[in-house]
Amino acid sequence: MTAARTGRRAGVAPSSSSSAGPSRIQSTNVKTAGLPAQLQAIVNGTPSTGDDIKVYQNRIVRLDARVDQLTGENKQKGQELQDAHARIAELIKENASLKRKADDSDLYQNALKKARRSQRDILPDYKKGTPTGERLQRLRA
92 MTAARTGRRA GVAPSSSSSA GPSRIQSTNV KTAGLPAQLQ AIVNGTPSTG DDIKVYQNRI
152 VRLDARVDQL TGENKQKGQE LQDAHARIAE LIKENASLKR KADDSDLYQN ALKKARRSQR
212 DILPDYKKGT PTGERLQRLR A
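Just so we're aligned, residue 92 is where the sequence shown starts under our numbering, counting upward by one.
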C-alpha cells in the first residue's frame with residue numbers, strides 16, 4: 092500500500108521522474124520569505140480571491156504615495172540645509188570682516204593716541220606766538 096501511495100513499484104529503484112518531491116508552494120522561496128500567507132500565494136501564482144489582490148494593490152498604491160511624499164520632504168529638507176549652510180558661510184565672512192574692522196579701529200585708536208601724545212610735544216612749538224601756545228609753554232615750564 093505504501094508503494095502505491097508514493098507511486099513506486101515494489102522492488103524497483105525510484106526514478107528521477109518520481110512525483111514524490113515537494114510542491115512549488117511548499118518549497119522555501121526567497122522572494123516570499125516573511126510575507127503573509129495570502130501574499131505568498133499571490134506571488135507564487137496560486138489562485139486567490141480578487142479582494143486579496145485589490146487589498147494589496149491598494150496598499151502598494153498607498154506605500155508608493157508615502158514614498159513620494161517622503162522623497163519630497165527629503166528634497167525640501169535638503170534645500171533648507173543647503174540654504175542654512177550658505178547663510179552660515181555668509182555670517183562667517185561677515186564676522187571676519189567685522190573682526191578686521193575692529194582690528195583696524197584698534198590700530199586707528201592706538202595711532203590716534205600716539206599722535207595726541209606726540210602732539211603735546213609738538214603743539215607748543217607749533218603755536219609759538221599765539222596766546223594759546225604761550226599759555227601752554229608757561230604751563231609746561
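Just so it is clear, CB atoms sit at the ideal spot from N, CA and C, and this is done for glycine as well.
Exercise for the section: Using a threshold of 9 Å, state whether the C-beta atoms of Asp143 and Gln160 are closer than that. Expected result: Position 52 of the sequence shown, counted from the first residue, corresponds to residue 143. Position 69 of the sequence shown, counted from the first residue, corresponds to residue 160. No, Cβ-Cβ distance for Asp143 and Gln160 is not below 9 Å.
Exercise for the section: Quick one: residues in its chain with C-beta nearer than 6 Å to the C-beta of Lys190, no 5 flanking neighbours on either side, listed in chain order? Expected result: On the sequence shown, residue 190 is found 99 positions in, with the first residue counted as 1. Closer than 6 Å at the Cβ level, and outside the excluded window around Lys190, lies no residue.
Handout entry: Neighbourhood of Val158 by C-beta distance below 6 Å, restricted to the same chain and skipping five residues each side
Key = Your numbering for residue 158 matches position 67 in the sequence shown. Excluding positions up to five away in sequence, the list is empty.
Handout entry: DSSP-derived helix/strand/coil call for Gly163
Key = Residue mapping note: residue 163 aligns to position 72 of the sequence shown, counting from 1. In the structure shown, Gly163 sits in a helix (DSSP, three-state: H, G or I).
Exercise for the section: Just the C-alpha distance for Ile179 and Lys168, rounded to the nearest angstrom, thanks. Expected result: By 1-based counting over the sequence shown, the position of residue 179 is 88. By 1-based counting over the sequence shown, the position of residue 168 is 77. Their backbone Cα atoms lie some 16 Å apart in a straight line.
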